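Following: one structure in structure tokens, then a few remarks.
Protein chains in written order, with the working numbering: chain A, 14 to 591; chain B, 145 to 829.
Structure representation (structure tokens):
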């Protein structure tokens, strides 16, 4: 007998609650600011047999939306094959191998078996971004790595907690291979405690509704999520839709990498075919299979946020043609850029392909880079080394409803930027300015949002600057007649001389002396619709706000502003000659 | 403290729809109540009308305590005064760039309007570093030019917000001096004055909110004082702040931002007061209205206070406020069947207009209120009384068509489903609030108020494992009651940010003492009768390297280092089940609240004791069929007629002027000496 719809809704809410409580517990107790502040973590419940996603916390980092079901599946397969020790109650496995269903090495996954009546019922798993996992550069984002070994310590699935007890030997090996190891115990305990919270809450849910009812509900919810996604897919026309997005370069070979995507309907399914994309690359801008799939899922969830995250929602989404491309890199290809950059470019390709078909839902391209700038050096006043990260946002794409947001976080992230005051407290730097990047939003009926423009100066000691960003060569794409947003721009001022990295926004270890400055201008979002259709009053307001100059208003939007007032007649003439 | 003990006290709360008033004669216990429509354009008219409705003799009143939504509405509706910003060169866009966020995790859309538009944000050369050392001197001529330009552009108020002013406010203070000479009206806010902490976006927005509402609040309060004086009132007017304390009308506009969210705060204050009187000091407040539900936590009769409220997306107001969280659904939340065939309730709401179908204002979508009506929980005769009212059959037909058909249920079962799903979601949201504050809801009682709170409270308590529900005598005017009972209160936060093992414990004590002295002095200045003052101390702590904080309450500030470490570890373990002996502890903030305790008010007379009957049978108005999985004949009582010692076994319905209390089967309600209804849930009954 199938379950009544009310019980189904109630259990759905209950499963979601379990995951949300795991998310909350994890970030509140974590030490790594990337987890605690930036919420670079995710928690979920996974099927005992194939690892497929049952439910996931609503506040999890978007890029992890699909990855953990692959890492859990791989773990299950490796246990079955005798490659990994079988689970005992209260064990917690640790794994960060990108090729086993992961992202990059810094995303460390924990998995805990959940038992009912002595039998494995499901898996609880979470991912947290550790500040460092060893490798050539602090933080793991090496712009010029050519093999994964240079990127850090790679852990196969091992039981870090055995029946609830931390294995000090494994932990000692990890600590000897990573930087700032002394605080990691706090994150390890927080990450494991979150899974314990999940186990307790899930147990309570099953006690209340019965194991069979919950199992039945999970199966039914999966089918219904698939049905819901298919109902949305049914609105997409059965034509072949195409989108292309470009990664500037891989950090080693200075040539653009293409993501070529064709989206087509196959019955009720939607097929994302990436055939023809660039082959695996030498530098760290490779993606692994799990990340590529997850990027497609997260892009679809940005478009259809109503569909709850579960394996069912992904079922109708088929990904093809990634073999032998840089979207399905294998060992030992370097992959640090996969979660932070390539994933966003994949999402951009999905948006570009679908915006003509779903113009009310899809936006023009957002800035789409994590804007990773790292500064490492020695602070003589404090007598110690430091590593500073500035992850910056950019403009979002214009869309049917609004202009794009200014300075939004990455497509795959949900984090807050650190305040300038906190950065200056912690590091020997002074920001000369931190402002909106004027003119950077792509012109459109709804314009793109504006990027960020900051100039930061080293005050004392010697330091090295590294950048892993993207969209330096090509700006975020406009849609439906809108212009592209301004591309990313990185300029390093050394001894008064401007220097632009060869790979534009990727380079490692640029030496800086006191007084040297780093200037970053992040991308604006793509414009949406013909800029000459933009409401002249909105353009006037943009000019009065200093977002665009009067001459840009005339050139980009065909709107004439004189003495801070709209010249409607001149505007009409200007626009007619368009 | 020169006045006599207050005798005639009025609490008046202006809400979105109604202005509520409670007048208590403390000598006789006589109570008068009034509920009139709010007057959005000038709230003072509604206040005067409420006073008239209660037949208050203004000349005989001793104290009026006022909760106002003037500033809250101004912020949420962006009806702000034209405000300019003078800020550090290179940083005028801080208020627009925010913290690099988007409104929701999924969906790349969203809108954000900076609180001060870009053309009114001007830069002047000046710069401090993080240690408070001058990197660039202040250009005073540039300040004068900027002020003149802002005045030319029509600004009424101005914010001065410099980077690192929390570390060294010298430049801001110098600008205050200059503006004292050239800004005509005194509406000048210094960034460091309300909040002297790092984080330039939060501090800047807090200051900008203050400046943008200051003239509005000043004008409103003086208009109200004029009206009151015109009516013969010569007593003190106090205004509620968002921290649940009050401040004199003369001073309130200086820190106008502190009045934001004062309405919800006063409801929580009323709950804490009622809880203390009833001996139930740990409460979760549950205020369900037409469009939303607010939840707050009270421990040991003290409401949780947060210094980091964000009242909407990217609108942080970092002054101490009672930590009230909005958790979504209200009576107007719409139910629908989604494309997966699953029933969803909310987040869309029919609001007040058109409102639920049963309002008869053209609402066509099934809502929570409509479901309550179909199941007999609300009085079906009530809707036909409304002009242009709709029939129960009409509501039933909508449930049949919109929900019943796709779900394969009849209208009754569909209505039941709506309530179950809504209650599950609300219970989950309440759980998240309590868990995020480190509390297990089962250790609390649920304090139910608002128009719809007492209708759902029993089901929610059962869902959450909460053993008891407390329904105050007048659930629909709880905020006004909060005004009557609120204390004077001042909160202080001082950032120390030092490792516990290097912290000078004597210095810590000195900080607490200084905070307490400042608060005591302010309270001493107010002409309000007090029974005493109270101090509440706490520390916000973390392990070194963390960013989140854990609050450690201190009952004795002469605590030694080792004991403090133990207390912190105990609080931390209680919250996270994690022990971290290997890591050092950090003391981030020292907090002190100084509370001037008002003369206690007896709330038992909120329901006139003379009107109460001696038997339950006399209090019964009628009986009706109410659906609890099956139709059960349930007695319907009038709340104000209930005997003072009534014991009522569910199922039962208790009606009163502004709300309906539902006693579910298996639950038992008892009247207590304070006029509350205490509902024991299931086995706990």
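Virtual Cβ for every residue (Gly too), placed ideally from N, Cα, C. Small disclaimer: the values here were computed from a predicted structure and weren't measured.
Chain B residues whose Cβ lies nearer than 7 Å to that of residue i
i                      : result
residue 422 of chain A : 244, 245, 246
residue 15 of chain A  : The contacting residues do not exist; residue 15 of chain A stays about 10 Å from chain B at best.
residue 434 of chain A : 274, 307, 308, 342, 343, 344
residue 33 of chain A  : 576
residue 427 of chain A : 249
Residue i burial status per 10 Å Cβ neighbour count (16 or more: buried)
i                      : result
residue 177 of chain B : buried
residue 511 of chain A : exposed
residue 775 of chain B : exposed
residue 637 of chain B : buried
residue 461 of chain B : buried
residue 581 of chain A : exposed
residue 313 of chain A : buried
residue 52 of chain A  : buried
residue 308 of chain A : buried
Where residue i meets chain A, residues with beta-carbon distance less than 7 Å
i                      : result
residue 256 of chain B : 418
residue 253 of chain B : 376, 412, 414, 415
residue 261 of chain B : 558
residue 484 of chain B : 237, 238, 240, 241
Chain-order list of residues whose beta-carbon lies under 6 Å from that of residue i (same chain, five-residue window excluded)
i                      : result
residue 356 of chain B : 224, 225, 227
residue 302 of chain A : 341
residue 552 of chain A : 566, 570, 572
residue 298 of chain B : 226
residue 256 of chain A : 274, 362, 365, 366
Supposed contact pair residue j and residue i - C-beta distance, whole angstroms, cut 8 Å
i                      : j                      : result
residue 226 of chain A : residue 16 of chain A  : 7 Å
residue 813 of chain B : residue 380 of chain B : No, residue 813 of chain B and residue 380 of chain B are not in contact; Cβ-Cβ is about 39 Å, not under 8 Å.
residue 687 of chain B : residue 728 of chain B : 7 Å
residue 180 of chain B : residue 259 of chain B : 32 Å between Cβ atoms; not a contact.
Residue-level contact to chain A via CB, residue i, 8 Å cutoff
i                      : result
residue 316 of chain B : no
residue 575 of chain B : yes
residue 727 of chain B : yes
residue 510 of chain B : no
residue 683 of chain B : no
residue 231 of chain B : no
residue 279 of chain B : yes
residue 774 of chain B : no
Chain B residues whose Cβ lies nearer than 8 Å to that of residue i
i                      : result
residue 448 of chain A : 234, 235, 236, 237, 241
Minimum Cβ-Cβ distance from residue i to chain B less than 8 Å
i                      : result
residue 198 of chain A : yes
residue 484 of chain A : no
residue 23 of chain A  : yes
residue 406 of chain A : yes
residue 549 of chain A : no
residue 174 of chain A : no
residue 167 of chain A : no
Chain B contact residues for residue i, given Cβ-Cβ distances below 9 Å
i                      : result
residue 409 of chain A : 246, 252, 253, 254
residue 75 of chain A  : 249, 250
residue 357 of chain A : Within 9 Å Cβ-Cβ: nothing; residue 357 of chain A doesn't reach chain B, min ~11 Å.
Proximal chain A residues relative to residue i, where beta-carbon distance stays under 8 Å
i                      : result
residue 580 of chain B : 37, 41
residue 687 of chain B : 44, 199
Residues near residue i in its chain [Cβ-Cβ closer than 7 Å; skip 5 each side]
i                      : result
residue 60 of chain A  : 67, 135
residue 343 of chain A : 112
residue 189 of chain B : 183
residue 155 of chain A : 148, 149, 163, 164, 297, 349, 521
residue 707 of chain B : none
Neighbourhood of residue i by C-beta, 8 Å cutoff - its chain only, sequence neighbours within 5 removed
i                      : result
residue 294 of chain B : 228, 230, 264, 266, 302
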